[in-house]
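S.K.:
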Amino acid sequence: MALLLTAAPPPRAPAVRHLGPNWYACVMGTAVVAAAGAVLPVPVPGLRTALAAVWALSLVLLVALLAARALHWAHHRDQARAHLLDPAVAPFYGCPSMALLAVGGGAPAVGRGWIGTGPAVALDAVLFTAGTAVGLAAAVAVPYLMAVRHRLTPRQATPAWLLPLVAPMVSAAVGPRLVPHLPAGQPRATLLFACFALFGLSLLATLLMLPLVFARLVTGGPLPLALTPTLFLVLGPLGQSTTAVGAFADVAPGVVPAPYDEGFGLLAVLYGVPVTGFALLWLCLAGAHVVRAHRRGMRFSMTWWSFTFPVGTCVTGAAALSRHTGLLAYDALTVLLYALLVTAWATAALHTVRGLLSGALLAAPGPAPSAPRPATARTRSGAGR
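Residues 1 to 385 in this note's numbering are what the sequence shown lists, from first letter to last.
1. Find the nearest neighbour of residue 339 within the set 307, 213, 166, judged by alpha-carbon distance.
2. Taking all protein chains shown into account, do 16 or more other C-beta atoms lie within 10 angstroms of the C-beta of residue 78, making it buried, or fewer, making it exposed?
3. What is the DSSP secondary structure of residue 42, reduced to helix, strand or coil?
4. List the endpoints of the continuous alpha helix (DSSP H) containing residue 306.
5. Taking the alpha helix (DSSP H) that residue 55 belongs to, which residues open and close that run?
6. What number of angstroms, rounded off, separates the C-alpha of residue 311 from the C-alpha of residue 127?
7. So what's residue 255 in DSSP terms, helix, strand or just coil?
8. So what's residue 98 in DSSP terms, helix, strand or just coil?
9. Taking the C-alpha atoms as reference points, what is the distance between residue 344 and residue 309?
10. Where does residue 112 fall in DSSP's three states?
11. Can you give the Cα-Cα distance for residue 354 and residue 305, rounded to whole angstroms?
12. Do the segment 213–231 and the segment 184–200 meet, that is, are 3 or more Cβ pairs less than 8 Å apart?
13. Would residue 23 pass as a contact of residue 91 if the rule is Cβ separation under 8 Å?
14. Please name the residue, chosen from 185, 62, 130, that lies closest to residue 168 on a Cα-to-Cα basis.
15. Whose C-beta lies closer than 7 Å to the C-beta of residue 61 among residues of the same chain, with five residues either side of it excluded?
16. Helix, strand or coil for residue 300? Go by DSSP, reduced to three states.
17. I'd like the span of the alpha helix (DSSP H) that includes residue 274, first residue to last.
18. Looking only at its chain, what residues have a beta carbon closer than 6 Å to the beta carbon of residue 121, apart from the 5 residues adjacent to it on each side?
19. Would residue 16 be called buried (16 or more neighbouring beta carbons within 10 Å of its own) or exposed?
20. Using alpha carbons as the reference points, say which of 264, 243, 245 lies closest to residue 253.
21. Spell out a yes or no on whether the segment 30–44 and the segment 325–336 are touching, meaning 3 or more CB-CB pairs, one atom from each, closer than 8 Å.
22. Rounded to whole angstroms, what's the CA-CA distance from residue 95 to residue 116? Just pull it up for me.
23. When the distance is taken between beta carbons, is residue 177 closer than 8 Å to residue 124?
24. Start and end of the alpha helix (DSSP H) containing residue 124?
25. Per DSSP, what kind of secondary structure is residue 172 in: helix, strand or coil?
26. Between 331, 102, 137, 351, which has its C-alpha nearest residue 236's C-alpha?
27. With a Cβ-Cβ cutoff of 8 Å, do residue 330 and residue 349 count as a contact?
28. I'd like the list of long-range same chain contacts for residue 105, defined as Cβ closer than 7 Å, with 5 residues on each side in sequence excluded.
29. Please report how far the alpha carbon of residue 187 lies from the alpha carbon of residue 100, in whole angstroms.
30. Excluding the five sequence neighbours on either side, which residues of its own chain have a C-beta within less than 6 Å of the C-beta of residue 58, listed in chain order?
31. If you draw a straight line from the C-alpha of residue 228 to the C-alpha of residue 289, how long is it?
32. Could you tell me how far apart the beta carbons of residue 87 and residue 19 are, in whole angstroms, since I believe they sit closer than 8 Å?
33. In the DSSP assignment, find the unbroken alpha helix (DSSP H) run with residue 330 in it and report its ends.
34. Quick check on the burial criterion: 16 or more other C-beta atoms within 10 angstroms. Buried or exposed for residue 112?
35. Counting only the same chain and skipping the five closest in sequence on each side, list residues whose C-beta sits under 6 Å from that of residue 33.
The following block contains the structure:
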């Protein structure tokens, strides 16, 4: 009896103990398939229905994951605190914001066919507000922890460091969709310029961080196999910023006075074209690294979701350039990138379902290797699994 009274109670909700913030990438990757499909220049029979179903799936995944993460914080606070102090996991706290924003942004574009325009706009407004607040908090808190608690070295730099800095750029890209639904005058102009400020915040922060990532890549050698897919994360700020400037140009006429409305149109082209060029260069470079890693035995891990959302932002960026330049080349680029996105999403989703059914993805990470590695390929959250 004494042994029974003193024995520690079994942990509650053990299935979510190792559920890290990186799992929000599933929501992001699913939502962007719907949002990117809505801007395709080629009409496809039945596409709108399929996109609405994919968006509904992303909404269900978001609700389920929010509930699971709430259980995680309620019953496994030690693990949650450990995630924040783990330099390999903490950057993924930029993902919750982008998941909220991605699902919210898809509501007016594809979800309104199922839930109606009014509820879709209301849902977008709620998720945009929450996602922007969470994203700004992550953009401050994660770099702060990196500076004062994580004790990082240049050889530990990975593209995941960009995640908390990209979240405000997602707000900048989806926020302009709400501008026409606000009262004319100050409210519309305020939201548009607030999104423009978020664009600048994220862009300048990314420009500070990206050289560290590139320097690590060219001086420290290839990333560990499990982390190689994260090279695609660099496409996120590139494609999302191009999408954002295109969105500014779409809504600026009648919202801001001349000549600033025309200035947004110029920015969409003069900024978007060269940045998209660099994105295509990086896509080829990252693809070459992934092929190399695959030949060396790279297995599935949650980092494979890096192939989805960043590529989706390039789809919407190319579509924005098509609208503002009228060039058929950008139409073709949009279709090609979307085909890549759908292939990547189907592959990542299939392997994730298999991993969930087998229990491998939610299991505790294995013991740490005896010899230190230059970058963390396995994390407490399973980010490198």
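Glycine included, every Cβ here is placed at the ideal spot set by N, Cα and C.
M.R.: Reading off the structure:
1. Among 307, 213, 166, the Cα nearest to that of residue 339 belongs to 307.
2. Label assigned to residue 78: exposed.
3. The answer is coil: DSSP assigns residue 42 none of H, G, I, E or B.
4. Judged by DSSP secondary structure, residue 306 falls outside any alpha helix (DSSP H); it is assigned neither H nor E.
5. Start and end: 47–75.
6. Take the alpha-carbon of residue 311 and the one of residue 127: they are about 22 Å apart.
7. In this structure, residue 255 counts as coil in the three-state DSSP scheme.
8. Residue 98 carries a helical assignment under DSSP once its states are collapsed to helix, strand and coil.
9. Counting only the Cα atoms, residue 309 lies some 10 Å from residue 344.
10. Helix at residue 112.
11. Approximately 14 Å, taken between the alpha carbons.
12. Not touching, per the Cβ criterion.
13. Not in contact: residue 23 and residue 91 (Cβ atoms no closer than 8 Å).
14. Selected option, being the one with the closest Cα: 130.
15. 26, 27, 30, listed in sequence order.
16. Correct three-state label for residue 300: coil.
17. For residue 274, the enclosing alpha helix (DSSP H) has its first and last residue at 260–295.
18. Excluding positions up to five away in sequence, the list reads 108, 181.
19. It counts as buried.
20. Ranking 264, 243, 245 by Cα distance to residue 253 puts 264 first.
21. The segment 30–44 is in contact with the segment 325–336.
22. Using only the alpha carbons, I get a separation of about 27 Å.
23. With a cutoff of 8 Å on beta-carbon distance, residue 124 and residue 177 are scored as near each other.
24. 117–148 is the span of the alpha helix (DSSP H), which, as asked, contains residue 124.
25. In this structure, residue 172 counts as helix in the three-state DSSP scheme.
26. In terms of CA proximity to residue 236, 102 leads the group 331, 102, 137, 351.
27. Between residue 330 and residue 349, the C-beta gap is not smaller than 8 Å, which leaves the two residues out of contact.
28. Closer than 7 Å at Cβ, skipping near neighbours: 35, 124, 174, 177.
29. If you draw a straight line from the Cα of residue 187 to the Cα of residue 100, it is about 23 Å long.
30. Counting only Cβ-Cβ distances below 6 Å, and skipping sequence neighbours, we find 27, 30, 31, 103.
31. Those two C-alpha atoms are separated by around 7 Å.
32. Rounded to the nearest angstrom, the Cβ distance from residue 87 to residue 19 is 19 Å, too far for a contact under 8 Å.
33. Run containing residue 330: 328–358, per the alpha helix (DSSP H) assignment.
34. The residue is buried, with at least 16 neighbouring Cβ atoms inside 10 Å.
35. So the list reads 54, 345, once near-sequence residues are dropped.
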